[in-house]
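If you're matching positions, the sequence shown starts at 2 in our numbering and goes up one per residue.
For every residue, glycine included, the Cβ atom is placed at its ideal position computed from N, Cα and C.
So the structure is just underneath, and the comments pick up after that.
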Amino acid sequence: MNTTSVSISFFDFERNNMKNKFEAFHLSPEIVKALSTLHYMEPTEIQAKVLPVALDGKDLAAQSQTGSGKTAAFGIPICENAVWEENRPQALVIEPTRELTVQVKEELFIIGRYKRLKVPDLFGGFPIDKQILSLKQKSHIVVGTPGRLLDHVRRGSLDLTCIKTLVIDEADLMLDMGFIGDVKQILKELPVCQIMLFSATLEDGLQELMQECMKEPVTINIETHVKTVEKIEQSIQCIPGDEEERAHTKYHAFLNTLIRENPESCIIFCGTREMANVLCRKLGRDGVTCGVLHGDIEQQDRLRTIDGFRQGKFRYLIATDVAARGIDFPNLPLVLNYDFPTGKEAYVHRIGRTGRNGEPGKAVSFMTESDIKMRQMIEEYIHLEIPETKIPEVTEEERKLFFETQKEKRKLKKRKGAEFRQSIM
Ligand code: ADP
Ligand code: MG
């Protein structure tokens, strides 16, 4: 069984390779072949605009909606330009979270696989000795979080002398207060190199840094955050009552929404780690299995949870904002904001986990009196009034169907690049 499916997909990509539209960018055959294996047969809009500029070595700042393929937009040029013979890192990619570091590393690894590029990832909460060992071997492209990257620079285990390109992903967040110190420090350590900024929410605040550090950056703006969320069907449910009543009413509103939608999968955002744990236990008692993702959970478990959710081992993922940015879950039909977001960008990034790459998406946010201000800020930011809907009342039949669905055995999805992994084996 297995062998047949492998050989068919292998044949498929050999054939498709002939008409992969990425060829128009004069990429090396190894890169085009890898893109075909990923089923990237034509560039997304942002990729089509970024590739010529990036391949040309120019500095750039690119903004496009969540899920539009920004990773490959920088991944393809840095893999294309990497020289295998050079042992020292030639490109550096900075990511805000460990999860994103791993996700981006995997995509770069696949794109660069036929060039045999080494892509170590460096993030905290993982033994530094092992990372030092991997850096001692060839490492063409390094992906990491700012703190750990700096740690390696200070220890002398990360050699930045040959870096030709720096990518700052989720740039607006990276240049925000929490990270800016570390990022500036890294910039100081780097030789003169190409700098590329990417985000779905690149706002004016970046101008200063762009003027300070970049050479005549090309700005590429596909769609603003307004466009980003237009394609997602959004609504708000207002939770009445005082604090005590609210907790109960909110759970009721939330569970009924989940029952009504009965989505194949869904991310549920909570404001705090405690709330995420509480909600998970509550749902568990009601017979609904979930995964939880937040900063208190061990690194290995966090990665395992993301992987399990991608494969569809469980339907629902309860998360704090650690999962709001960048993390890619294909075919996610619904996002629920159990707790209302506390920042306007956070709203865009949270709901941007759905409706990716042209797929349909829906987002429901539960709000209380104290969220009124934030709601206004968000609506101004996205130029859209989010319609209010009533708390749904569900029928016995809907309820039955929902709980029956929970008991169904899960059919696991293939992981991204699965055929690829098989084909190189
Ligand atoms: P962003 O960083 O813009 O939020 P990602 O880089 O995470 O988006 O990509 C979103 C999804 O689109 C991923 O599942 C990725 O595999 C897919 N994708 C990216 N480029 C292409 C392409 N050219 N063709 C098909 N799918 C693509
Ligand atoms: Mg991204």
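Note that the region 317-332 touches the region 345-353; at least 3 beta-carbon pairs, one per stretch, sit closer than 8 Å. Shown here, Glu31 sits in a helix according to DSSP, grouped into three states. Within 8 Å of the C-beta of Gln312 there is not a single heavy atom belonging to the ligand ADP. For Glu234, there is no enclosing alpha helix (DSSP H); the enclosing beta strand (DSSP E) has its first and last residue at Ile233 to Cys239.
Along the length of the region 326-390, whole beta strand (DSSP E) runs at least 3 residues long occupy 335-338 and 362-368, reported in chain order.
Here the alpha carbons of Tyr382 and Leu304 stand approximately 32 Å from one another. Taking a 10 Å sphere around the C-beta of Val84, we find fewer than 16 other C-beta atoms and assign the residue as exposed. Rounded to the nearest angstrom, the Cβ distance from Lys116 to Glu31 is 5 Å, consistent with a contact under 8 Å. Residue nearest to Pro90 within the set Pro97, Leu123 and Gly68 is Leu123 (criterion: CA-CA distance).
Residue ranges of uninterrupted alpha helix (DSSP H) with 4 or more members, entirely inside the region 25-103 and ordered along the chain, are 30-38, 46-56 and 71-82. Looking at the DSSP output, Met197 sits in a beta bridge with Leu61 and Val168. Contact between the region 185-198 and the region 123-133 is absent: fewer than 3 CB-CB pairs across the two stretches fall below 8 Å. When the alpha-carbon of Val395 is set against those of Leu256, Leu109 and Leu280, the nearest one is in Leu256. Rounded to whole angstroms, the separation of the alpha carbons of Ala92 and Ile79 is 7 Å. The beta-carbon separation of Thr369 and Ile240, rounded to 5 Å, stays under the 8 Å limit for a contact. The criterion of a C-beta distance shorter than 9 Å is not satisfied by Leu28 and Ile95. Under the three-state reduction of DSSP output, Thr321 falls in the coil class, being neither helix nor strand. The C-alpha of Phe110 is placed about 30 Å away from the C-alpha of Phe270. Less than 9 Å divides the Cβ of Lys106 from the Cβ of Val144. In this structure, Asn332 keeps its C-beta atom at 9 Å or more from the C-beta atom of Glu299. Relative to the ligand MG, the beta carbon of Asp122 is positioned no closer than 8 Å to any heavy atom. His295 sits close to Arg274, with the two beta carbons spaced by under 9 Å. If you check the CB distance, Arg357 and Gly68 come in under 9 Å. Excluding its 5 nearest sequence neighbours in each direction, Ile223 has C-beta neighbours in its own chain below 6 Å: Glu46, Ile47 and Ser65, listed in chain order. Between the beta-carbon of Val103 and that of Ile221 there is about 26 Å, and that puts the pair past the 8 Å contact cut.
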